[in-house]
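Take a look at the structure below.
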Amino acid sequence: MNKKFTLKSKVYFEQKSIQLLKTISGSRALIVTDSIMDTLGYLQLVKDYLGEAGLSTAVFSGVRPDPDVNVVAEGMRLYAEFAPDVLVAIGGGSAIDTAKGILYFAWKLEKPSSGETKKPLFIAIPSTSGTGSEVTDFSVITAEGEKVVIVDEFISPDIAILDSTCIQHVPQRVIADTGMDVLVHAVEAYVSTKASDFTDALAEKAVKLIFDNLEKLFRDAADGVARDHVQNASCMAGMAFTNANLGINHSLAHALGGAFHLPHGRSNALLMSAVMEYNAELAGSASGYAAGRYAQLAKVLGLPARTCREGTVNFIQAVGRLSKSLGIENSIRALGIDESEFEGALDRMAEAAMQDRCTPTNPRTPYKEELIRIYRKLS
Ligand SMILES: NC(=O)c1ccc[n+]([C@@H]2O[C@H](COP(=O)([O-])OP(=O)(O)OC[C@H]3O[C@@H](n4cnc5c(N)ncnc54)[C@H](O)[C@@H]3O)[C@@H](O)[C@H]2O)c1
Ligand SMILES: [Zn+2]
Numbered sequence: 009m010n011k012k013f014t015l016k017s018k019v020y021f022e023q024k025s026i027q028l029l030k031t032i033s034g035s036r037a038l039i040v041t042d043s044i045m046d047t048l049g050y051l052q053l054v055k056d057y058l059g060e061a062g063l064s065t066a067v068f069s070g071v072r073p074d075p076d077v078n079v080v081a082e083g084m085r086l087y088a089e090f091a092p093d094v095l096v097a098i099g100g101g102s103a104i105d106t107a108k109g110i111l112y113f114a115w116k117l118e119k120p121s122s123g124e125t126k127k128p129l130f131i132a133i134p135s136t137s138g139t140g141s142e143v144t145d146f147s148v149i150t151a152e153g154e155k156v157v158i159v160d161e162f163i164s165p166d167i168a169i170l171d172s173t174c175i176q177h178v179p180q181r182v183i184a185d186t187g188m189d190v191l192v193h194a195v196e197a198y199v200s201t202k203a204s205d206f207t208d209a210l211a212e213k214a215v216k217l218i219f220d221n222l223e224k225l226f227r228d229a230a231d232g233v234a235r236d237h238v239q240n241a242s243c244m245a246g247m248a249f250t251n252a253n254l255g256i257n258h259s260l261a262h263a264l265g266g267a268f269h270l271p272h273g274r275s276n277a278l279l280m281s282a283v284m285e286y287n288a289e290l291a292g293s294a295s296g297y298a299a300g301r302y303a304q305l306a307k308v309l310g311l312p313a314r315t316c317r318e319g320t321v322n323f324i325q326a327v328g329r330l331s332k333s334l335g336i337e338n339s340i341r342a343l344g345i346d347e348s349e350f351e352g353a354l355d356r357m358a359e360a361a362m363q364d365r366c367t368p369t370n371p372r373t374p375y376k377e378e379l380i381r382i383y384r385k386l387s
C-alpha cells in the first residue's frame, strides 16, 4: 500500500498562540534554539510560559544556520544529561532541524537514557516562514560539507505553533530567501511523481498565498495579515512535500548551498527557472506531465495557459518577476561565486544531487550530465 497522506502535527495558527506553552503537561523541557531568539526575547518568553506550566527548562542555544553533525552532537549531550519529556524547538528551519537531529540520533538510534520510557512531546515554533519543518518528517543536517536529508516519521513534530508575531523581526533578505523556499516546496510537491489530490490542494493554495502576499511582506514586515498568510503557506507547503516529497530543485540546491555556503532558499530560488525549463522540456515538446502541471499552476494564478507551453512559460516568467521584486540574484556571478571554483565543483555537486533523497520523485529522471547543464545555466 503505497498511497497515503499523513498529517501528524496538531497546528495552532494565530498570533500569540505561543501562549499554548502555558498549558503543556510535562516536567522537563529542553529548548533548542539559536542566539537570535535569545536576543529578540522569544527564548525568555518560551521559558516563562513553560515555567507557568510547571516545567523546568534547559536550553541548547548552539544552533547555527545549516546545522552540522557537531552541533547535533553537542545538543545530544545536553539531551542525555537533562532527559527531557518535552522538546521545544523555536527558530528557523536550522533550529527545528537540529532538534529533529537530536531526537533522531539520541532516541531512535541510541537507547533512550535510563528511566525514559516514552518519546518526548515535540513542539516546533517556526520563526521563519520557509521550511515547513514544523510539520515535516525531514531534517537537513550537514556532514563533511554535504547536506544529508534524514526522512523519518518519527521526527515529525507533535505540535506546530504558527505565531506570526515570532517572525516580525525577520530581516528582509531572510523573508525573500525563505519565502522563495516555500514556493519551491509547493511547486516541487505539485510536479512530484508522488503528488496526489491531497497534496495538490495544499500546494496550489500555498502557491497562491505566496504570490498574493510574499512581496507585501517583503515591503512591510509589520503587515500582520501578509505575515499570517505567508506563514500558513509555508506550513501548507510543508504538509504537501512531506507527503509528496520534492525534486531536483532541492537536490541541486542542497549540493550548491553545501559547497558555497548559500542560504537554502536563495540556492533554491536561483535554480528554479532552469529546473522548470528542464522538467517541462521547454526546449522540446513541452507537452508532458511537468509542463501540464506548471500550466495548471499558471491557471491558479489567473495567467493564460491555453497550451502547456504557454502556461509553463507564463508561470516561469511570473516566478522570475517575483524573484526579481524580492531582489534575489539570478546568477552565481551576482552572488559573488568565483566561476572557475564553480566549474571545478560541478561534477561533485551533480553527483551529490543524483544521490539526494529528493531526486527520485522528480517528474523527469535526470542523468548527471543534465544536472551539470542545469548548473551551467546559472553562470
Ligand atoms: N526540515 C525540512 O523540512 C526543511 C525544509 C527546507 C529546508 N530545510 C533546512 O532548513 C535550514 C534553513 O532554515 P531557514 O531558511 O528557516 O533559515 P535559518 O533557520 O538558517 O535562519 C536564517 C537566519 O535567520 C535568522 N532568524 C531566524 N528567525 C529569525 C527571526 N524571527 N528574526 C530574526 N532573525 C531570524 C537566523 O538566526 C539565521 O541567521 C537549512 O538547513 C535547510 O536545508 C529543512
Ligand atoms: Zn526547501
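Position 262, counted from 1, in the sequence shown is what the numbering used here calls 270; the numbers after and before it change by one each time, with no gaps. Even for Gly, the Cβ is constructed at its ideal location relative to N, Cα and C. Small disclaimer: the values here were computed from a predicted structure and weren't measured.
Those residues which DSSP pairs with residue i across a bridge
i, result
"A66", "L38"
"K18", "I167"
"K155", "T150"
7 Å Cβ cutoff met for residue i and residue j
i, j, result
"A107", "V143", "no"
"A288", "A294", "yes"
"A37", "L58", "yes"
"A277", "M357", "no"
"V192", "N240", "no"
"T201", "T369", "yes"
"T41", "A103", "yes"
"L334", "F219", "no"
"L305", "N322", "no"
"G101", "T139", "yes"
"F130", "D160", "no"
"S147", "I163", "yes"
"I98", "V54", "yes"
"T186", "G273", "yes"
"L343", "E337", "yes"
"A298", "P371", "yes"
"A261", "L279", "yes"
"H237", "N251", "no"
"A263", "A360", "yes"
"A326", "A248", "no"
"A61", "K30", "yes"
"V190", "A245", "yes"
"F21", "L225", "no"
"D93", "S141", "no"
"P75", "I175", "no"
"S275", "T367", "no"
"P128", "L95", "yes"
"G70", "E89", "no"
Assigned secondary structure, residue i (DSSP; H/G/I helix, E/B strand, else coil)
i, result
"G319", "helix"
"L354", "helix"
"P394", "Outside the displayed range of the chain (9 to 387) lies residue 394, so it cannot be described from this structure."
"V143", "coil"
"D236", "helix"
"A203", "coil"
"T373", "coil"
"L129", "strand"
"D76", "strand"
"G273", "helix"
"H177", "coil"
"M9", "coil"
"D364", "coil"
"L254", "coil"
"S281", "helix"
"E294", "For the sequence presented, residue 294 should be read as Ala rather than Glu. Three-state DSSP puts A294 in coil, outside helix and strand."
"G187", "helix"
"R341", "coil"
"K213", "helix"
"G266", "helix"
"Q23", "coil"
"V71", "coil"
"A387", "In the sequence under discussion, the amino acid at residue 387 is Ser, which differs from the Ala named in the question. If DSSP states are grouped into helix, strand and coil, S387 belongs with coil."
"L53", "helix"
"L222", "helix"
"E60", "helix"
"V314", "The residue you asked about is not Val; residue 314 is Arg in the sequence shown. Of the three classes helix, strand and coil, the one that applies to R314 here is coil, per DSSP."
"I324", "helix"
Residue i: CB within 6 Å of a non-hydrogen atom of ligand 3
i, result
"P73", "This structure does not include ligand 3; its bound ligands are ligand 1 and ligand 2."
_Every unbroken alpha helix (DSSP H) within the stretch 88-113, with a cutoff of 4 residues, ordered by chain_ = 101-111
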